[in-house]
Amino acid sequence: MATPPPSQAGAIRPREAQPGPGRGGNGTRDPFAHTRVVRTARVALPVVAGLVLLLIVIWPLFGGSGDGSKAGPDQGDLEMTKARYLGTDTTDRPFEIRADRVTQLGDTGSEVDLSAPEADITLKGGDWLSLAADSGHYDQDKNVLTLQGKVSIFHGAGYEFRTSEAALDVDKGLAWGNKPVEGQGPLGMVEAGGFRVLQDGDVLVFTGAARLRAMAAGGDKNKPEGTAP
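The sequence shown lines up with residues 11 to 239 when you count with the working numbering.
In structure tokens form, the structure reads like this:
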């Protein structure tokens, strides 16, 4: 007697071959797949490295408060816009530096150029000094800010004057400039060849050919009482 054929219901069928990674629909390997991966990596890796460098150098320097960054005008420069740097001096008094644009100089990231910088520093006894300019340079290692262009300086004692160049040593609470200066204060109008803010802001000295036009009683600056050499 012939043996009946086995039932087909429980039979296990082999899976149909599927195209694997890098293979075409006919199962053959795509010869260009590896080349495309290499090309993608060559583009992506430098971009990622640049972003990491930006975070390491610029972000810690200005506290991460900037709202944008991009490549600077010189190859390799890094920029941050609307930046703000908060810090303290050697006696833990706060200071703040702001700028419309910050451009890193060199590889260390400790020096930056500033566009439209502003600075506020707290002096001894709670007094303050505020500066603003067209451009500037900040050395983080030395904690020294230099300003150029139209420089405006405001002192908490009531002095306001303008010059074309000034420097601020944050740690020592000193400010100085060797360019002509003009302004006003509680005693009247002043013109000089330069200025010094000394002894942590307690002393303000005008240098060079300094002239003071004292105001008349009542503080009307339009009525000079006299001129002091």
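Even for Gly, the Cβ is constructed at its ideal location relative to N, Cα and C.
Considering Cα atoms alone, identify which of 120, 148, 115 and 171 is closest to residue 106. Taking the first residue of the sequence shown as position 1, residue 106 is located at position 96. It is 148 whose Cα lies nearest to the Cα of residue 106.
Measure from the alpha carbon of residue 181 to the alpha carbon of each residue in 118, 212 and 102, then state which is nearest. Here residue 181 refers to the residue found at position 171 when the sequence shown is read from its first residue. The shortest Cα separation from residue 181 among 118, 212 and 102 belongs to 102.
Residue 160 beta carbon less than 8 Å from that of residue 175: As a first step, residue 175 must be located in the sequence shown, where it is residue number 165. As a first step, residue 160 must be located in the sequence shown, where it is residue number 150. No, these two residues do not count as a Cβ contact at 8 Å.
Give me the Cα-Cα distance between residue 100 and residue 224, rounded to the nearest whole angstrom. Position 90 of the sequence shown, counted from the start, is the residue given in the question as residue 100. Position 214 of the sequence shown, counted from the start, is the residue given in the question as residue 224. Taking the straight line from one Cα to the other gives about 37 Å.
Enumerate in chain order the residues of its own chain whose CB-to-CB distance from residue 238 is below 6 Å, with the five nearest sequence positions on each side excluded. As a working note, residue 238 is residue 228 in the sequence shown. Reliability of the predicted coordinates at residue 238 is poor, the pLDDT of 38 falling under 50, and no value is obtained from them.
Pick out whichever of 126, 164, 163 and 152 has its Cα sitting closest to the Cα of residue 317. The requested residue 317 is not part of the displayed model; the chain covers only 11 to 239.
Mind checking which residues open and close the beta strand (DSSP E) that includes residue 158? Here residue 158 refers to the residue found at position 148 when the sequence shown is read from its first residue. Annotation: the continuous beta strand (DSSP E) that includes residue 158 extends over 154–165.
Could you tell me the boundaries of the beta strand (DSSP E) in which residue 125 lies? In the sequence shown, the residue the question calls residue 125 occupies position 115. Unbroken beta strand (DSSP E) run through residue 125: 121–125.
According to DSSP, which residues form a beta bridge with residue 184? Start at 1 with the first residue of the sequence shown, and residue 184 comes out as number 174. Residue pairing of residue 184 in beta bridges, as defined by DSSP: 179.
Just checking my contact of residue 171 with residue 146 at CB under 8 Å: how many whole Å lie between their CB atoms? Locating residue 171 in the sequence shown gives position 161, counting from the first residue. Locating residue 146 in the sequence shown gives position 136, counting from the first residue. Going by Cβ atoms, the distance from residue 171 to residue 146 rounds to 17 Å, so no, they are not a contact pair.
Going by DSSP, what residue range makes up the beta strand (DSSP E) through residue 150? Numbered from its first residue, the sequence shown carries residue 150 at position 140. Residue 150: not part of any beta strand (DSSP E); DSSP gives it neither H nor E.
Going by alpha carbons, who is nearest to residue 197 out of 162, 214 and 150? Locating residue 197 in the sequence shown gives position 187, counting from the first residue. Looking at the Cα atoms, 214 is the closest of the given residues.
Can you tell me where the beta strand (DSSP E) holding residue 224 begins and where it ends? Translated into the one-based positions of the sequence shown, residue 224 becomes position 214. Per DSSP, the continuous beta strand (DSSP E) segment holding residue 224 begins and ends at 221–225.
Cβ shell of residue 177 (< 8 Å), same chain only, five flanking positions each side left out: The residue given as residue 177 occupies position 167 in the sequence shown. For residue 177, where only same-chain residues beyond five positions count, the Cβ hits under 8 Å are 154, 155, 156, 157, 185, 186 and 187.
Would residue 211 count as contacting chain B if we go by Cβ distances under 8 Å? No chain B is present in this structure, which holds just one protein chain.
Applying the criterion that 16 or more other CB atoms from any shown protein chain within 10 Å of the CB defines a buried residue, is residue 141 buried or exposed? On the sequence shown, position 131 is the one that residue 141 refers to. The residue in question, residue 141, is buried, as its Cβ has 16 or more Cβ neighbours within 10 Å.
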